[in-house]
Amino acid sequence: MQQNLSIGGRVQLNRFCRQYLQLQLELDYPHAEYLRKDAFQEAIYSTVFDESVIEHAPPARYQLKVLKKLVKNIEQSIQDWEEDGISDNLMNHLSTLLSSPLPSEAASTQQKSYVTYTLSSLLPSFSNFKSPPPASPRSPEITPPTTPTSTSTLVPTITLLESRSLLSASGTTGLKTWEASLHLSQYLISTPLIPSKRILELGSGTASYPSYVPNTSALHTYYAQTGHQTSLNDSSKIDGRVYIWGEDPVLDGGGDRAEMEKGMLDVDVVIAADVTYDAAGIPALVSTFQNVFAKNPAVKILVAATVRNERTFAGFLGTCKEYGLGFEEVDFPVVGEREQEGPFYDDGVEIKICELKSGGLD
738 MQQNLSIGGR VQLNRFCRQY LQLQLELDYP HAEYLRKDAF QEAIYSTVFD ESVIEHAPPA
798 RYQLKVLKKL VKNIEQSIQD WEEDGISDNL MNHLSTLLSS PLPSEAASTQ QKSYVTYTLS
858 SLLPSFSNFK SPPPASPRSP EITPPTTPTS TSTLVPTITL LESRSLLSAS GTTGLKTWEA
918 SLHLSQYLIS TPLIPSKRIL ELGSGTASYP SYVPNTSALH TYYAQTGHQT SLNDSSKIDG
978 RVYIWGEDPV LDGGGDRAEM EKGMLDVDVV IAADVTYDAA GIPALVSTFQ NVFAKNPAVK
1038 ILVAATVRNE RTFAGFLGTC KEYGLGFEEV DFPVVGEREQ EGPFYDDGVE IKICELKSGG
1098 LD
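In our numbering, the protein residues as written are 738 to 1099.
Structure below.
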């Protein structure tokens, strides 16, 4: 369907559909010159609203909100109703949503929803992209990078099952996605740091998003969930552990302590994102970094943080110094929202990626 659209039309279609599947609150609706065309409307429907094609659709309440706005924009775009109109497929789907019982707004924010992130930065190397086995049907908490979906014949995606109210409502983090996690993932994609390396992820806000990006080329990834188990897809390249920062790692189902420590701490790269916002947990986190350095002084440790509170982030860096660790900020600026092609995240907040050093900076 997209082959019949102009280059400008495909750009606007892709941006809108990718934002929609990522459940963005503010979408860039296509311009009127495209919306009024039947082929463009059908392309939107077949890409994100056709339930026979979309495996992980957004929640119905979100669909309804977006589709009502989309139909209104289409109506306003039409100049000659003899030539143009509104897609029957879009109208039928809207009618279905309007006649279906929907949870309240409050209830819907507590429910988990599928959120699909577009990995536009992987496009040049997508021919080498390998998908892990499918999720367990009993608990599909996380869906790893998949083969190309209907959003494009080429674009790789990651679909996660997230709670949109997952972040603290206390005001420290707000009700938005975890920008540092997304930004770190973009950095990992752009660098030769990951291929054939053993990775330890010590936490990433958006449901282990970064761990699946390096897993496309990493030798092995250890996913450390702090305090509770998370269902992961069956993959020989991923091991899930419960790891309380500052304590010994615990192997799922038990196991030999020496084997646990060798696997968990003897790694090449450690990544963590959105883990420094709680000052109370910082000493244990930094202690864990120290333990990893003790196993491998040459390990690379990358920490990404959304700096919403300068005092908290300064406290993290100060604790690193107290433990004898140095740090250096990575030069990787956030791409402006208008230039982003997916994943989409706020360019109005400060995001830092720091590389920690054993024994301080030289």
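Ideal placement from N, C-alpha and C gives every residue a C-beta, glycine not left out.
- Item | Alpha-carbon to alpha-carbon, Q800 and E1076 | 25 Å
- Which class does E1074 belong to by DSSP, given the choice of helix, strand or coil? If DSSP states are grouped into helix, strand and coil, E1074 belongs with the helices.
- Query: Count the other CB atoms within 10 Å of the CB of F753; is the residue buried (16 or more) or exposed (fewer)?
  - Reply: Counting C-beta atoms within 10 angstroms of its own C-beta, F753 has 16 or more neighbours from the protein chains shown and is therefore classed as buried.
- Inter-residue Cα distance where the pair is R747 and A780: 9 Å
- Kindly give me the distance between the Cβ atoms of F1081 and E1074, rounded to whole angstroms, as I take these residues to be in contact under 8 Å. About 7 Å; that satisfies the 8 Å criterion.
- Task: Determine the DSSP secondary structure at Y854, reduced to helix, strand or coil.
- Result: strand
- When DSSP builds the beta bridges, which residues end up paired with V1007? L937, I1038
- Label T890 either buried or exposed according to how many other C-beta atoms from any shown protein chain fall within 10 Å of its C-beta, with 16 as the threshold for buried. Since pLDDT at T890 reaches only 47, below the 50 mark, its modelled position is unreliable, and no value is offered.
- Does the beta-carbon distance from S857 to G1079 come in below 9 Å? A distance below 9 Å separates the beta carbons of S857 and G1079.
- Task: Compare the Cα-Cα distances from W915 to each of T1013, L930, P893 and report the closest residue.
- Result: T1013
- Query: Any idea if A844 is buried or exposed, counting beta-carbon neighbours within 10 angstroms, 16 or more meaning buried?
  - Reply: exposed
- So, helix, strand or coil for F1064, using DSSP? DSSP places F1064 in strand when its eight states are reduced to three.
- Query: Can you tell me the Cα-Cα spacing of V1029 and S824, whole angstroms?
  - Reply: Cα to Cα, the separation comes out at about 57 Å.
- Message: With distance defined between alpha-carbon atoms, name the residue in L939, L1054, K802 nearest to S918.
- Response: Of the listed residues, the one whose Cα sits closest to S918 is L939.
- Cβ shell of P795 (< 6 Å), same chain only, five flanking positions each side left out: L760
- Query: How is L760 classed by DSSP in three states: helix, strand or coil?
  - Reply: Note: L760 maps to coil in three-state DSSP.
- Would you mind sorting N741 into buried or exposed? The rule is 16 or more other CB atoms within 10 Å of its CB. Per the 10 Å Cβ criterion, exposed.
- Query: Would you call A1042 buried or exposed, if buried means 16 or more other Cβ atoms sit within 10 Å of its Cβ?
  - Reply: Buried: at least 16 other Cβ atoms inside 10 Å.
- Message: Less than 9 Å between the C-beta atoms of Y854 and I895, yes or no?
- Response: yes
- DSSP state of E899, grouped into three classes? strand
- Message: Tell me the rounded alpha-carbon separation between V1036 and S922.
- Response: 18 Å
- Could you tell me how far apart the beta carbons of K1094 and E1066 are, in whole angstroms, since I believe they sit closer than 8 Å? That belief does not hold up - the Cβ atoms of K1094 and E1066 are roughly 12 Å apart, past 8 Å.
- Could you tell me if D1068 is buried or exposed, where buried requires 16 or more neighbouring beta carbons within 10 angstroms of its beta carbon? Under this definition D1068 is an exposed residue.
- Message: Measuring straight from C-alpha to C-alpha, what distance separates Q848 and A1051?
- Response: 35 Å
- What's the C-alpha gap between H793 and D821? 31 Å
- Message: Can you tell me whether T717 is helix, strand or coil according to DSSP?
- Response: In the structure as shown, the chain starts at 738 and stops at 1099, and residue 717 therefore has no counterpart that could be examined.
- Message: Using the Cβ count rule (16 or more neighbours within 10 Å means buried), how would you classify V790?
- Response: The residue is exposed, with fewer than 16 neighbouring Cβ atoms inside 10 Å.
- What are the start and end residues of the alpha helix (DSSP H) that includes K805? 797-814
- Just reading off the beta strand (DSSP E) that E1092 is part of, what are its end residues? 1088-1095
- Item | Of the listed residues S850, L772, T833, N829, nearest to S814 (C-alpha basis) | L772
- Classification of T1048 by the beta-carbon crowding that lies within 10 angstroms, buried from 16 upward: Sequence check: residue 1048 is Arg here, not Thr. Exposed is the call here.
- Taking only the alpha-carbon atoms, compute the straight-line gap between L859 and S927 and give it to the nearest angstrom. 8 Å
- Environment of I744 [buried if 16+ CB atoms lie within 10 Å]: exposed
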